[in-house]
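Participant:
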Amino acid sequence: DGTLEVERQVVHMLTELLLQKSAILFKDMQCFAKHGKRTVINADDVKLCFRRQPEILKKLENCMMF
Numbered sequence: 535d536g537t538l539e540v541e542r543q544v545v546h547m548l549t550e551l552l553l554q555k556s557a558i559l560f561k562d563m564q565c566f567a568k569h570g571k572r573t574v575i576n577a578d579d580v581k582l583c584f585r586r587q588p589e590i591l592k593k594l595e596n597c598m599m600f
């Protein structure tokens, strides 16, 4: 394992990207719950967000087994 240096600007850019993506996912999950006439976001709403990303969906489903 070699060390990898990352510029501070890259860290800030990635942080901003993750915050924006999280906000979008949260809004989507709110819409899924509202469509289901619920006021609480549940695991199915999370899985719906990742239905087109099978690798992530499989990991989520494995986590939910416990």
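Heads up, the sequence shown is in the numbering used here, so the first residue is 535 and it goes up one at a time. We put the beta carbon where it would ideally sit given N, CA and C, even for glycine. Small disclaimer: the values here were computed from a predicted structure and weren't measured.
Go to VAL540, then tell me how far its alpha helix (DSSP H) extends in each direction, as first and last residue.
Facilitator: The residue labelled residue 540 in the question sits at position 6 within the sequence shown. Looking at the DSSP string, VAL540 is not in any alpha helix (DSSP H), and its letter there is neither H nor E.
Participant: Which residue's Cα is closest to the Cα of ALA577: GLU541, LEU594, LYS561 and VAL545?
Facilitator: Start at 1 with the first residue of the sequence shown, and residue 577 comes out as number 43. Nearest of GLU541, LEU594, LYS561 and VAL545 to ALA577, Cα basis: LEU594.
Participant: Can you look up LYS593 in the DSSP assignment and give me helix, strand or coil?
Facilitator: Within the sequence shown, the letter at position 59 stands for residue 593. Correct three-state label for LYS593: helix.
Participant: Looking at ILE575 and GLN587, is the spacing between their C-beta atoms short of 8 Å?
Facilitator: Position 53 of the sequence shown, counting from 1, holds the residue named residue 587. Position 41 of the sequence shown, counting from 1, holds the residue named residue 575. Contact: no.
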